[in-house]
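A.B. asks:
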Amino acid sequence: MNVSIIGTGYVGLVSGVCLAEKGHRVVCVDMDADKIARINAGISPIYERGLDALLQRNIGGNLRATTDLADAVHGSELSIIAVGTPFDGEEIDLSQIKAAAREIGAVLREKSGYHVVVVKSTVVPGTTDETVRRGLEAASGKRAGEAFGLGMNPEFLREGDAVADFMNPDRIVMGGIDDRSIECLDLLYRPFDGVDKIRTTCKTAEMIKYTANSLLATMISFSNEIGNLCSALGGVDVVDVMRGVHLDKRLSPILPDGSRVVPGFTTYLEAGCGFGGSCFPKDVKALIAHGRRLGQPMTLLDGAVTVNRTQPDQIIRLLKDHFRSLKDIRVAVLGLAFKPDTDDMRESPAIPVIQWLQDEGADIHAVDPVAGSAARKLFGDRGISYHEHMETAVVEADAVVVLTRWDVFRRLPEIIAERTVQPLVVDGRRMIGRDAVARYAGIGYREMN
Ligand code: NAD
């Protein structure tokens, strides 16, 4: 198929590159000319494992990038909207969605032949059927379901594993206003053999995406609340508690051969310093706001957001327990991105922790395998030195704070093992063995007094 993708961020670029790899002819559109130039030069503007290689293989062949939306939509049969849908503090901000619908609609006014518009951005239930449809119809002067089709196809990729997730999805949700729109989505995803495909309405597709993110976010906040209670109890480690819970057959079923299914949600039943990123925080808040508008309070989700907002404070509490003042205390911060394998700093728990350390006058030595330059833009240089490697960041540190579960940080115990004065290790991700270092403080555990 000839496909245009409007919005070339994490989702748009990964979708574009992967759909080109699967054999479609794809044009990625973005208003950011710099980004487009880099993509056409075969350089990915984001860090994502495996993306550069796929981009280089397809650019100039099945894939190209442009700032000219009209040209891209004209030359395609199907347009995917993958623009941002931030939370504006009150509710979801649909301005990018509305603008994209208007711009595509204006092209459809002149274009002959059937065209399908598919919303891939995460939007609150009803947005495709109402806001997007209205925008397209007003700008094109044509009716959805006649001259053009309309679909909703939420994206479930995880940053850090985006390419693998897109190429091997757990399921593909194909929402549409009619059979013809869904058939076009089916054609788009034909190369994805053997994947469960759900045909449904646009509104249900939208709700599936929000429900999935809300469930995972709630599991994390649940684990964190239990971890905080373990800390308060003393002598009980949340890691042991969650392992005991997780071995329940209802959570990790036993297969006929006696082996256990250990579902991916293991990591969602672990305590830590909170979830971040561009999706969970904003999506849960948007759903709560949407519920409120409909007169349906979302009490449980409200709680999940509240727990998450205060969870980075646990790191601060652990530091305060050990240092009367942080002034001039040398603190190595391991991890800045909101999760491993990405350079994305959006809503990272590192943000409030670093800002607090800066305000306290600590001597901060930060390291992240890929998010260093994003962090420098955010925090500047006040009180912070940025390091390429953990080895230099932890030299002479009084405290080492682990904030992102990067695999390389597992080597921390061996790196500090020879030090005569041992730093306090504050483990915000529970990834360092409690007994592997001399002085340990982790979320979800406190020694009995
Ligand atoms: P992003 O901010 O990285 O990218 C959005 C891009 O759209 C930007 O490059 C922006 O310049 C461009 N854009 C906006 N309006 C445009 C227009 N009218 N014409 C051309 N380009 C335009 O966002 P993202 O992280 O890729 O997320 C996109 C959507 O996908 C959001 O709704 C998000 O919730 C959802 N989503 C994101 C992820 C994720 O892991 N990032 C996963 C699943 C779903």
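The C-terminal residue of the sequence shown carries number 1186 in this note's numbering, and the numbering is unbroken.
The beta carbon of each residue, even a glycine, is placed where N, CA and C say it ideally should be.
Leaving out the 5 sequence neighbours to the left and right, which residues in its chain are closer than 7 Å to R871 when beta-carbon positions are compared?
C.D. replies: The sequence position of residue 871 within the sequence shown is 134, counting from 1. Cβ neighbours of R871 beyond the five flanking positions: none.
A.B. asks: Could you tell me which of P1150, V1158, Y926 sits nearest to G1170, measuring between CA atoms?
C.D. replies: On the sequence shown, position 433 is the one that residue 1170 refers to. Comparing Cα positions, the closest option is P1150.
A.B. asks: Please indicate yes or no: does the CB of Y947 lie closer than 7 Å to some heavy atom of the ligand NAD?
C.D. replies: By 1-based counting over the sequence shown, the position of residue 947 is 210. Every heavy atom of the ligand NAD is 7 Å or more from the Cβ of Y947, so no.
A.B. asks: What are the boundary residues of the beta strand (DSSP E) that T803 is part of?
C.D. replies: Position 66 of the sequence shown, counted from the start, is the residue given in the question as residue 803. Counting along the chain, the beta strand (DSSP E) containing T803 begins and ends at 800-803.
A.B. asks: What residues in its chain sit with their C-beta under 6 Å from that of F1002, if we drop five residues either side in the sequence?
C.D. replies: Translated into positions along the sequence shown, residue 1002 becomes position 265. Model confidence at F1002 stands at a pLDDT of 49, short of 50, so the residue's coordinates are unreliable; what they give is reported in the following sentence. Around F1002: no qualifying Cβ.
A.B. asks: Starting from F824, follow its DSSP beta bridges and name the residues at the other end.
C.D. replies: In the sequence shown, counting from the first residue as 1, residue 824 sits at position 87. I829, per the DSSP bridge assignment.
A.B. asks: Just reading off the alpha helix (DSSP H) that M956 is part of, what are its end residues?
C.D. replies: Reading the sequence shown from its first residue, position 219 is the one you call residue 956. 939-970 is the span of the alpha helix (DSSP H), which, as asked, contains M956.
A.B. asks: Which stretch, first to last residue, makes up the beta strand (DSSP E) that contains V1163?
C.D. replies: Here the question's residue 1163 lines up with position 426 in the sequence shown. 1161-1164 is the extent of the beta strand (DSSP E) around V1163.
A.B. asks: Do E892 and the ligand NAD come close, with the Cβ less than 7 Å from some heavy atom?
C.D. replies: As a first step, residue 892 must be located in the sequence shown, where it is residue number 155. Yes; taking the cut-off as 7 Å, the Cβ of E892 has a heavy atom of the ligand NAD nearer than that.
A.B. asks: Any heavy atom of the ligand NAD within a distance shorter than 7 Å of the CB on Y784?
C.D. replies: Taking the first residue of the sequence shown as 1, we reach residue 784 at position 47. No; taking the cut-off as 7 Å, the Cβ of Y784 has no heavy atom of the ligand NAD nearer than that.
A.B. asks: Using only the heavy atoms of the ligand NAD, determine whether one of them is closer than 7 Å to the beta carbon of M1168.
C.D. replies: The count along the sequence shown starts at 1 and reaches residue 1168 at position 431. No, since every heavy atom of the ligand NAD falls outside the 7 Å radius drawn around the Cβ of M1168.
A.B. asks: What three-state label does DSSP hand V748 in the structure shown?
C.D. replies: On the sequence shown, residue 748 is found 11 positions in, with the first residue counted as 1. Looking at V748 - three-state DSSP - the assignment turns out to be helix.
A.B. asks: So, are the CB atoms of D771 and T745 less than 8 Å apart?
C.D. replies: In the sequence shown, counting from the first residue as 1, residue 771 sits at position 34. In the sequence shown, counting from the first residue as 1, residue 745 sits at position 8. Not in contact: D771 and T745 (Cβ atoms no closer than 8 Å).
A.B. asks: I'd like to know whether the C-beta of R1176 is nearer than 8 Å to at least one C-beta of chain E.
C.D. replies: Going by chain labels, chain E is absent from the structure shown, which holds only one protein chain.
A.B. asks: From the DSSP output, which residues share a beta bridge with M911?
C.D. replies: For the purposes of this step, residue 911 is taken as residue 174 along the sequence shown, with counting starting at 1. DSSP output for M911 lists R936 as bridge partner(s).
A.B. asks: Quick check on C755: does DSSP put it in helix, strand or coil?
C.D. replies: One-based indexing of the sequence shown puts residue 755 at position 18. Note: C755 maps to helix in three-state DSSP.
A.B. asks: Of the residues E892, E920, F903, C921, which one's Cα is nearest the Cα of V910?
C.D. replies: For this step, residue 910 is matched to residue 173 along the sequence shown. Of the candidates E892, E920, F903, C921, the one whose C-alpha sits nearest the C-alpha of V910 is E892.
A.B. asks: Helix, strand or coil: which one does DSSP assign to S816?
C.D. replies: Here residue 816 is taken as the residue at index 79 of the sequence shown, counted from 1. DSSP places S816 in strand when its eight states are reduced to three.
A.B. asks: Where does A1069 fall in DSSP's three states?
C.D. replies: For this step, residue 1069 is matched to residue 332 along the sequence shown. In this structure, A1069 counts as strand in the three-state DSSP scheme.
A.B. asks: By Cβ distance, which residues of its chain are closer than 7 Å to P807, with the 5 residues on each side in sequence left out?
C.D. replies: Within the sequence shown, residue 807 is the residue found at index 70, counting from 1. Residue identity differs from the one stated: residue 807 is Ala in this sequence, not Pro. Taken in chain order, the residues that qualify are V844.
A.B. asks: Is it buried or exposed, T1157, if we count other Cβ atoms within 10 angstroms and call 16 or more buried?
C.D. replies: In the sequence shown, counting from the first residue as 1, residue 1157 sits at position 420. Per the 10 Å Cβ criterion, exposed.
A.B. asks: Compute the minimum distance between the beta carbon of I743 and the heavy atoms of the ligand NAD, and state whether it is under 7 Å.
C.D. replies: One-based indexing of the sequence shown puts residue 743 at position 6. I743 Cβ: within cutoff of the ligand NAD.
A.B. asks: Could you tell me whether any non-hydrogen atom of the ligand NAD is closer than 7 Å to the CB of E828?
C.D. replies: For this step, residue 828 is matched to residue 91 along the sequence shown. Checking every heavy atom of the ligand NAD against the Cβ of E828, none is found closer than 7 Å.
A.B. asks: Between E896 and the ligand NAD, is the CB less than 7 Å from at least one heavy atom?
C.D. replies: To locate residue 896, count along the sequence shown from 1; it is residue 159. Within the cutoff, so yes.
A.B. asks: Can you list, in chain order, the residues of its chain with a C-beta nearer than 8 Å to that of V973? Leave out the 5 residues immediately preceding and following it.
C.D. replies: Taking the first residue of the sequence shown as position 1, residue 973 is located at position 236. Once the five neighbours on either side are set aside, the close Cβ partners of V973 are C967, Y1182.
A.B. asks: When the Cα of A1130 is compared with those of E828, I1101, P782, which residue comes out closest?
C.D. replies: Translated into the one-based positions of the sequence shown, residue 1130 becomes position 393. Considering only alpha carbons, the answer is I1101.
A.B. asks: Taking all protein chains shown into account, decide if H1126 is buried (16 or more other Cβ within 10 angstroms of its Cβ) or exposed.
C.D. replies: Position 389 of the sequence shown, counted from the start, is the residue given in the question as residue 1126. With fewer than 16 other Cβ atoms within 10 Å, it is exposed.
A.B. asks: In whole angstroms, give me the CA-to-CA distance for E1184 and V1137.
C.D. replies: Start at 1 with the first residue of the sequence shown, and residue 1184 comes out as number 447. Start at 1 with the first residue of the sequence shown, and residue 1137 comes out as number 400. E1184 and V1137: Cα-Cα distance of roughly 19 Å.
A.B. asks: What are the complete alpha helix (DSSP H) segments, minimum 4 residues, inside the region 1074-1146?
C.D. replies: Listed in chain order, the complete alpha helix (DSSP H) runs (minimum 4 residues) inside the region 1074-1146 are 1087-1097, 1109-1116, 1127-1130.
A.B. asks: Give me the DSSP bridge partner(s) of V855.
C.D. replies: Residue 855 sits at position 118 when you count from the first residue of the sequence shown. Bridge partners of V855: I817, G888.
A.B. asks: Taking only three categories from DSSP, how would you classify S741?
C.D. replies: Locating residue 741 in the sequence shown gives position 4, counting from the first residue. It is a strand residue.
A.B. asks: Give the DSSP bridge partners of G1179, in chain order.
C.D. replies: Along the sequence shown, one-based indexing puts residue 1179 at 442. BP columns for G1179 point to D1164.
A.B. asks: Tell me where the alpha helix (DSSP H) around R980 begins and ends.
C.D. replies: Taking the sequence shown and counting its residues from 1, the one referred to as residue 980 is at position 243. 975-983 is the extent of the alpha helix (DSSP H) around R980.
A.B. asks: Alpha carbon to alpha carbon, what distance is there between P928 and T1079?
C.D. replies: As a first step, residue 1079 must be located in the sequence shown, where it is residue number 342. As a first step, residue 928 must be located in the sequence shown, where it is residue number 191. Roughly 27 Å between the two C-alpha positions.
A.B. asks: Taking Cβ positions, are V1139 and G1072 nearer each other than 8 Å?
C.D. replies: The sequence position of residue 1139 within the sequence shown is 402, counting from 1. The sequence position of residue 1072 within the sequence shown is 335, counting from 1. It is a contact, given that the beta carbons lie within the stated cut-off.
A.B. asks: Once DSSP output is grouped into helix, strand and coil, what is the label at F1002?
C.D. replies: The residue given as residue 1002 occupies position 265 in the sequence shown. The pLDDT assigned to F1002 is 49, lower than 50, so where the model puts this residue is not dependable; a value taken from the coordinates is nonetheless given after this. The answer is helix: DSSP assigns F1002 an H, G or I state.
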